[in-house]
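With the sequence shown counted from 1, adding 165 to any position gets you my numbering. The beta-carbon is built from N, C-alpha and C at its ideal position, and this holds for glycine as well.
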Amino acid sequence: MNRPRWRLAGRMLTVSAVLTCLLRAAPATPQRSKPDIPKTWDEVALADWATPVAGLNLRPSHVSAKEYYSWATENVQTYPVYYPGLEPKGYWEMLQRIGPKPLVETDTLNSEDDWIAAGRRVFDELDHFVLRTYDPKFIAAARSLDTFQLPGVQPLPDGTVFGMCWVPTKQGVALSFSNCSGCHLLYLKDGTRIPGAPALAAVSRAEPRALTVPLLRAVSDANHIIGTAIPFRMPDEALGLLWYRAYGFLG
Numbered sequence: 166m167n168r169p170r171w172r173l174a175g176r177m178l179t180v181s182a183v184l185t186c187l188l189r190a191a192p193a194t195p196q197r198s199k200p201d202i203p204k205t206w207d208e209v210a211l212a213d214w215a216t217p218v219a220g221l222n223l224r225p226s227h228v229s230a231k232e233y234y235s236w237a238t239e240n241v242q243t244y245p246v247y248y249p250g251l252e253p254k255g256y257w258e259m260l261q262r263i264g265p266k267p268l269v270e271t272d273t274l275n276s277e278d279d280w281i282a283a284g285r286r287v288f289d290e291l292d293h294f295v296l297r298t299y300d301p302k303f304i305a306a307a308r309s310l311d312t313f314q315l316p317g318v319q320p321l322p323d324g325t326v327f328g329m330c331w332v333p334t335k336q337g338v339a340l341s342f343s344n345c346s347g348c349h350l351l352y353l354k355d356g357t358r359i360p361g362a363p364a365l366a367a368v369s370r371a372e373p374r375a376l377t378v379p380l381l382r383a384v385s386d387a388n389h390i391i392g393t394a395i396p397f398r399m400p401d402e403a404l405g406l407l408w409y410r411a412y413g414f415l416g
């Protein structure tokens, strides 16, 4: 028996309407965000950036953009150092076995919010790779309560230590120190974090001391890093000559 055409047409119309509603309700395929990353190293802009050296009338030169962009980048996840006695159970053992992990995985960044979150994580967790040390005496000191018995050294609200971190690498677990957040993260007395503010912003006559980073100076000296932030190692020379090279000649 033939079905009335109007019924068949009605059912087809119903199916079509349902599919239309489902398609409208389905989330649109997210568009992968393509950040506009500015060019950092511009040879033309840097040509007259440095002041000419007195007596020579020559400007210090820079590496080429090609060489700059050919350098390998550091992208290794770090983990906080905990104040002795506050480290979670099994934390140190986990660091020994986890191995190096990428700090940022760009393939997973699909939106502007993803990129912002990744940048925030880099700010918080990036370390000074030239300050990494595998020296057993520094590793042991970073886990010893004696090291933290200094004025200005105290645990943060989550039990971690300001400015210090562990870095699992192929060579083992290194002790290191915060990069961006080491200088540009302010902690108020109540534990409030203010990213971007100078770490010394709260220092005054009434509050003359900021959070102290244990072992920072000792490791810097051992690694021949002047001023704890110059991004290259200095030769094994007299301290005065090292300071001259770092700030007099190179500056």
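Exposed unless 16 or more other CB atoms sit within 10 angstroms - verdict on residue 259: exposed
Bridge partners of residue 329, per DSSP? 342
Spatial neighbours of residue 289 within its chain, please: C-beta separation below 7 Å, excluding the five flanking residues on both sides. Residues 346 of the same chain have their beta carbon placed closer than 7 Å to that of residue 289, with the five preceding and five following residues left out of the count.
Would you mind listing the alpha helix (DSSP H) stretches within the segment 236-298 that are 4+ residues and don't spill past its ends, in chain order? 256-263 and 277-290
Let's see if you can read the secondary structure: which residues bound the beta strand (DSSP E) around residue 320? Neither: residue 320 is in no beta strand (DSSP E) and is coded neither H nor E.
Checking the sheet assignment: what are the DSSP bridge partners for residue 358? Per DSSP, the beta bridge partners of residue 358 are 352.
Kindly indicate which three-state DSSP category residue 368 falls into: helix, strand or coil? coil
If distances are taken between C-alpha atoms only, which option among 344, 199, 352 and 351 comes closest to residue 239? 344
Classify residue 296 as buried or exposed, calling it buried when 16 or more other Cβ atoms lie within 10 Å of its own Cβ. buried
Report the option in 337, 270, 348 and 320 whose CA atom is closest to the CA atom of residue 292. 348
In angstroms, rounded to a whole number, what distance separates the CA positions of residue 284 and residue 269? Those two C-alpha atoms are separated by around 9 Å.
Three-state secondary structure (DSSP) at residue 334? strand
Given this structure, state the Cα-to-Cα distance separating residue 278 from residue 355, to the nearest angstrom. 29 Å
By how many angstroms is the C-alpha of residue 299 removed from the C-alpha of residue 336? 8 Å
Are residue 376 and residue 352 close, meaning C-beta to C-beta below 8 Å? yes
Thinking just about the alpha-carbon of each residue, which of 378, 370, 385 and 245 is nearest to the one in residue 314? Checked all of 378, 370, 385 and 245; the closest Cα to residue 314 is 378.
For residue 361, collect the residues of the same chain with a Cβ closer than 6 Å to its Cβ; drop the 5 residues on either side in sequence, then sort them by chain order. 349.
Simplified DSSP state of residue 221, which is helix, strand or coil: coil
Quick one: what does DSSP say residue 301 is sitting in, helix, strand or coil? Looking at residue 301 - three-state DSSP - the assignment turns out to be helix.
Just verifying my parser: in three-state terms, what is the DSSP assignment at residue 309? coil
So, residue 340 versus residue 304, is the Cβ gap smaller than 8 Å? Yes. Within cutoff.
Mind reading off the beta-carbon distance from residue 252 to residue 229? Whole number of angstroms is fine, and I expect it under 8 Å. That belief does not hold up - the Cβ atoms of residue 252 and residue 229 are roughly 46 Å apart, past 8 Å.
Reducing DSSP to helix, strand and coil, say where residue 226 ends up. coil
Residue 321 and residue 249 closer than 8 Å at C-beta: no
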